[in-house]
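A.B. asks: Residue numbering for the sequence shown follows the numbering used here, starting at 6 and increasing by one per position.
Glycine included, every Cβ here is placed at the ideal spot set by N, Cα and C.
I have a structure I would like to understand better, so I am pasting it below and will then ask my questions one at a time.
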Amino acid sequence: MSVTLIDNIFTNVHDTRIKSGIWITDISDHLPVFTILNNNTQKSSISRKITKRIFNQNNLECFKHAVQTHDWSVLNDSLSVDDMYKKFNLLLQDMYNKFFPATTKTVTISDYSRPWITKGIRKSITKKHSLYKKYLNNRTEKAFNLYKSYRNKLTSVLRKSEKDYYVQKLDSVKGNLAKTWKVLNAITSRHTQSSVVDEIVYNNSIIKDPEQIANKFNDFFVNVGPTLAKKIPHASKNFKQFLPPSNQNSVFFKPTDDAEIRLIIRSLKNSDSKGHDNLSVNLIKNCSESLAVPLAMIFNKSISDGMVPDDLKIAKIIPVYKSDDKKIVSNYRPISVLPAFSKILEKLVYNRLLDFINQHNLLSKDQYGFRKNISTSMALIDLTDKISTSLENNEYTIGVFLDLAKAFDTVNHSILLDKLYHYGIRGIPFQWFQNYLSNRLQYVYLNNTNSDKLPITCGVPQGSILGPILFLLYINDLSTVTKLLTFIMFADDTNIFISGKNLDFITHIINSEHITVSTWFNANLLSLNIKKTNYILFSNKSNPDIQILIGNEKVARVFQTKFLGIIIQTNLKWNEHISLVANKTVKTLGVMNKIKHFLTSAYLKNLYQSLIEPYLTYCCIVWAKPDKSTALETLLKLQKRSVRIISHSWYRACSRPLFHKFSILSIYDLCLLQILVFVYKSINLLLPNSYTQYFTRTSDIHYYKTRGHKYNLYKINAQKTCRTNSIMCSGPKHWNKLPDIIKCAPSLKVFKNKVRDHILASYLTTF
């Protein structure tokens, strides 16, 4: 056997110091040829300085002990809650720095490094190369078998090490979707976009200085609300003229105690994000027992004096890129991070405010956003129910989908406080909110640089617990401005509907009433984005063009639009939304398929339930149906592919037993489960009052006993497909098919489990 050199490298660099040769390695059947040019370049690596704090169980226990044994009674000597909190924070920061010291070190990351390759594995790789060289020198079968055996064992060790590494990483980020995707991107070698902003264009000038970039971002974010407010035309009416009668009752903020503080801390979502005080929710949760006593003292002072510590009103803003040109500031959205302690105080006040609001039924029944026991699916159920009823009756329905420009950022503080007083927030609670909204500051953190702090003059605090409920109270009277139009609102997503048999008449009515609606927006200093506002004409008949106006501006007509993440079409079909779900599912499935060799079936199932199933279950009660349909077959095929990946099965393996084995429901049955749960909640009065009248028991219609007389529901017949698929028609149909023993389940949890078991049992026979 002859050995020849068939690969060559040619260069025009004339230097006698050039080194060439053959790299003895087994990465290919052919030995690679290399050339080293003497260009004085350094080894390819990335060096950077990082600052980390040392967090371990021992340090945590020492920190908790220090907090617990400290005499916090000294806080009572403070004259104001602001001084009280500053004392507390200063003492806490000293303990934090003592037990979690910050260390700075330079880290060098080689381009070819793999975190799962340990020193021991590197030594084994070196030995493998040595055995390969011996084989090349000897060319004996014994040398080859020795090399091959060692290589195969090393390959198994490498695969196991890599698998264990990523399993551990996924374990550490369980429940955090963003961090899970970060790990998955690392496994599939997909690079995420850098958060570094090297330069921006601001007022036609190129800015590269990190501090100036951060300041320009902050200046832009702070002035979004005031800039929009200046463009709003003067209203012919005062906002007070639209308000309903004043609530004569007043809220009272009862004192708290350390037990309630501990409950609130435990209820907070886990997060490592840190506000300007560098304290995360996770750290506070680990020390809740120790921190509850001093926090109760501070917060009682806050709600009794009607004052909020200024340090809790500082927001740290992180710009996140959206789309288009990365150099344009407006292409970023601000993520606000408030101090973790502010969330505890806000939750304390939120609970008291919400109890008062619910007790006096202050929020509009048309508002679905941020309310307990009310979900996005209910808003969509209400919407589709109204439209399908209209189509069943051969009526026209005009739906106008309003778009508010930066609604949360443009809330006027003076108007908000007047509305709070109107709804019953008076006395010291009113002073508390007045102080809560005043002296608020924000700064931008970008490229490891902090901007200057700037005052916030309008808008509800972003990233806060109280912000959403304050916004709901701010726009609460919108749905009362007209009695001729129907409103469906989810926070700032506001939709207006009108139905009737005479299209010209309802067009005239909606245009007339829009004048009042437009006046309300101007009076409340909220800005409508007419360019993004549109309307859909729902009808069984031919759809002639009509002109819908808001003010003097024409509203664009569309044949489909997105509301709460669901694509609604003019014919009330859902094929466009199903295509959207399928596209999202395919992308995630591609990632799962790439990493399936690294993970066990249990982990792959967790990924499916975290990354794919939410797309399938989100409001599928509206856009899917339990009966077999061609439109949903695409999603079912993707689910079959999913269970085969989870089980590491052949790509054409029978899927029915796999669905049963992993307790995964098909898209049809996910919809069926949502329908049955909704019916159970409705007839057992677990939903708001407006949803408890959706269904009628057969026993309330027929005086004579029929089969299933006790538990069955009266079925409503419909002619149109869209109405047949609505929850009012499909709910009784599928409910009546359930065994009575499931219908009479004593609790919602038991009911869900029984329904799931009932469905899964059917997979062993039919699908």
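1) Where does the unbroken alpha helix (DSSP H) through D224 begin, and where does it stop?
2) In this structure, how does DSSP classify R338 when only helix, strand and coil are distinguished?
3) Under the three-state reduction of DSSP, which class applies to L678: helix, strand or coil?
4) Hey, quick one: how far does the beta strand (DSSP E) through I573 stretch, first residue to last?
5) For a test of the three-state rule: what should DSSP assign to G26, helix, strand or coil?
6) Compute the Euclidean distance between the alpha carbons of I399 and T261, then round it to the nearest angstrom.
7) Round the Cβ separation of V256 and G468 to the nearest angstrom and send it over; I've been treating them as touching at under 8 Å.
8) Measure the CB-CB distance between L159 and K128 and report whether it falls below 8 Å.
9) Can you have a look at L364 and say buried or exposed, based on whether 16 or more other CB atoms are within 10 angstroms of its CB?
10) Using only alpha-carbon positions, find the residue among L388, T402 and T703 that is nearest to P737.
11) Could you check what DSSP says for D745 in three-state terms: helix, strand or coil?
12) Can you check whether the CB of V72 is closer than 8 Å to the CB of L350?
13) Leaving out the 5 sequence neighbours to the left and right, which residues in its chain are closer than 7 Å to F60 when beta-carbon positions are compared?
14) Rounded to the nearest angstrom, what separates D371 and V416 at their Cα positions?
15) Assuming L409 and N534 are in contact, meaning their beta carbons sit under 8 Å apart, how far apart are those beta carbons, in whole angstroms?
16) Please work out which residues of its chain come closer than 7 Å, Cβ to Cβ, to Y685, disregarding the five sequence neighbours upstream and downstream, and give them in chain order.
17) With distances taken Cα to Cα, identify the nearest neighbour of K103 among N64, S78, D87 and N81.
18) Taking a contact to mean a Cβ-Cβ separation below 8 Å, would you say C676 touches K630 in this structure?
19) Can you list, in chain order, the residues of its chain whose CB lies under 7 Å from that of P249, leaving out five sequence neighbours each side?
20) Taking only runs that begin and end inside the region 349-435, name each unbroken beta strand (DSSP E) of 3 or more residues, in chain order.
21) Starting from the Cα of L554, find the closest Cα among S687, F346 and H519 and give me that residue.
22) In chain order, which beta strand (DSSP E) runs of at least 3 residues are fully inside the region 509-554?
23) Quick check on the burial criterion: 16 or more other C-beta atoms within 10 angstroms. Buried or exposed for T590?
24) Use the C-beta contact count for Y355: other C-beta atoms within 10 angstroms, 16 or more gives buried, fewer gives exposed.
25) Do the region 449-459 and the region 312-323 make contact, defined as three or more Cβ pairs closer than 8 Å?
26) Which of the three DSSP states, helix, strand or coil, is assigned to D88?
27) Shortest alpha-carbon distance to Y608 belongs to which of L189, P215, I126 and H75?
28) In this structure, does DSSP put P460 in helix, strand or coil?
29) Ordered along the chain, which non-local residues of its own chain (more than five positions away) have a Cβ less than 8 Å from that of K274?
30) Counting along the chain, where does the alpha helix (DSSP H) carrying G125 start and finish?
31) Please classify L451: does DSSP put it in a helix, a strand, or coil?
32) Do you know whose CA, among L396, I583 and E618, lies nearest L542's CA?
33) If you draw a straight line from the C-alpha of S695 to the C-alpha of I333, how long is it?
34) Determine the DSSP secondary structure at P324, reduced to helix, strand or coil.
35) Check for me: the alpha helix (DSSP H) holding G505 runs from which residue to which?
36) What does a CB cutoff of less than 8 Å around N17 pick up in its chain, not counting 5 residues either side in sequence?
C.D. replies: With the given structure in hand:
1) Position 219 of the sequence shown, counted from the start, is the residue given in the question as residue 224. Counted as a single uninterrupted DSSP element, the alpha helix (DSSP H) harbouring D224 occupies residues P215 to K236.
2) Taking the first residue of the sequence shown as position 1, residue 338 is located at position 333. Looking at R338 - three-state DSSP - the assignment turns out to be strand.
3) For this step, residue 678 is matched to residue 673 along the sequence shown. Note: L678 maps to helix in three-state DSSP.
4) Locating residue 573 in the sequence shown gives position 568, where the first residue counts as 1. Annotation: the continuous beta strand (DSSP E) that includes I573 extends over I571 to Q574.
5) As a working note, residue 26 is residue 21 in the sequence shown. It is a strand residue.
6) Here residue 399 refers to the residue found at position 394 when the sequence shown is read from its first residue. Here residue 261 refers to the residue found at position 256 when the sequence shown is read from its first residue. Reading off the sequence shown, one finds Asn at residue 399, where the question assumed Ile. One C-alpha to the other measures close to 57 Å.
7) Here residue 256 is taken as the residue at index 251 of the sequence shown, counted from 1. Here residue 468 is taken as the residue at index 463 of the sequence shown, counted from 1. No, V256 and G468 are not in contact; Cβ-Cβ is about 24 Å, not under 8 Å.
8) For the purposes of this step, residue 159 is identified with residue 154 of the sequence shown, where counting begins at 1. For the purposes of this step, residue 128 is identified with residue 123 of the sequence shown, where counting begins at 1. L159 places its beta carbon 8 Å or farther from that of K128.
9) The residue given as residue 364 occupies position 359 in the sequence shown. Reading the sequence as shown, one finds Gln at residue 364 and not Leu. Classification for Q364: exposed.
10) Along the sequence shown, read from residue 1 onward, the residue named residue 737 stands at position 732. Checking every option, the nearest Cα to that of P737 belongs to T703.
11) Within the sequence shown, residue 745 is the residue found at index 740, counting from 1. Reduced to three states, the DSSP call for D745 is helix.
12) Indexing the sequence shown from 1 puts residue 350 at position 345. Indexing the sequence shown from 1 puts residue 72 at position 67. The Cβ atoms of L350 and V72 do not sit closer than 8 Å to each other.
13) As a position in the sequence shown, residue 60 is number 55, starting the count at 1. If we look at F60 and ignore the five residues flanking it on each side, its Cβ neighbours are F105.
14) As a position in the sequence shown, residue 371 is number 366, starting the count at 1. As a position in the sequence shown, residue 416 is number 411, starting the count at 1. Approximately 20 Å between the Cα atoms of the pair.
15) As a first step, residue 409 is located in the sequence shown; it is residue number 404 there, counting from the start. As a first step, residue 534 is located in the sequence shown; it is residue number 529 there, counting from the start. Yes, L409 and N534 are in contact; Cβ-Cβ is about 7 Å, under 8 Å.
16) For the purposes of this step, residue 685 is identified with residue 680 of the sequence shown, where counting begins at 1. L753 and F756.
17) Stepping through the sequence shown from its first residue, residue 103 is reached at position 98. For the residues N64, S78, D87 and N81, the minimum Cα distance to K103 belongs to N64.
18) Position 671 of the sequence shown, counting from 1, holds the residue named residue 676. Position 625 of the sequence shown, counting from 1, holds the residue named residue 630. Going by C-beta atoms, C676 is nearer than 8 Å to K630.
19) Working through the sequence shown from its first residue, we reach residue 249 at position 244. Excluding residues up to 5 positions away in sequence, D482 and T485 lie with their Cβ nearer than 7 Å to the Cβ of P249 in the same chain.
20) Here the runs fully enclosed are 401-407.
21) Counting from 1 along the sequence shown, the entry for residue 554 is found at position 549. Nearest to L554 by alpha-carbon distance, out of S687, F346 and H519, is H519.
22) Taken in chain order, the complete beta strand (DSSP E) segments of 3 or more residues contained in the region 509-554 are 539-543.
23) The residue given as residue 590 occupies position 585 in the sequence shown. Answer is buried; the Cβ neighbour count reaches 16.
24) The count along the sequence shown starts at 1 and reaches residue 355 at position 350. Counting Cβ neighbours within 10 Å, Y355 comes out buried, since at least 16 surround it.
25) Yes: the two stretches touch, three or more of their Cβ pairs being nearer than 8 Å.
26) Mapped onto the sequence shown, residue 88 falls at position 83. Three-state result, D88: helix.
27) Walking along the sequence shown from the start, residue 608 turns up at place 603. Closest in alpha carbon position to Y608, among L189, P215, I126 and H75, is L189.
28) Here residue 460 refers to the residue found at position 455 of the sequence shown. Taken through DSSP and simplified to helix, strand or coil, P460 comes out as strand.
29) Mapped onto the sequence shown, residue 274 falls at position 269. In the same chain as K274, and ignoring 5 residues on each side of it, the C-beta atoms closer than 8 Å to its own belong to V286, in chain order.
30) Counted from its first residue, the sequence shown places residue 125 at position 120. Annotation for G125: the continuous alpha helix (DSSP H) segment containing it runs K124 to N143.
31) On the sequence shown, residue 451 is found 446 positions in, with the first residue counted as 1. Reduced to three states, the DSSP call for L451 is strand.
32) Residue 542 sits at position 537 when you count from the first residue of the sequence shown. Comparing Cα positions, the closest option is L396.
33) By 1-based counting over the sequence shown, the position of residue 695 is 690. By 1-based counting over the sequence shown, the position of residue 333 is 328. Cα-Cα distance, rounded: 46 Å.
34) The residue given as residue 324 occupies position 319 in the sequence shown. In the structure shown, P324 sits in a strand (DSSP, three-state: E or B).
35) Position 500 of the sequence shown holds residue 505. DSSP places G505 in no alpha helix (DSSP H) but in the uninterrupted beta strand (DSSP E) bounded by D498 to G505.
36) The residue labelled residue 17 in the question sits at position 12 within the sequence shown. Result list for N17: empty, nothing under 8 Å.
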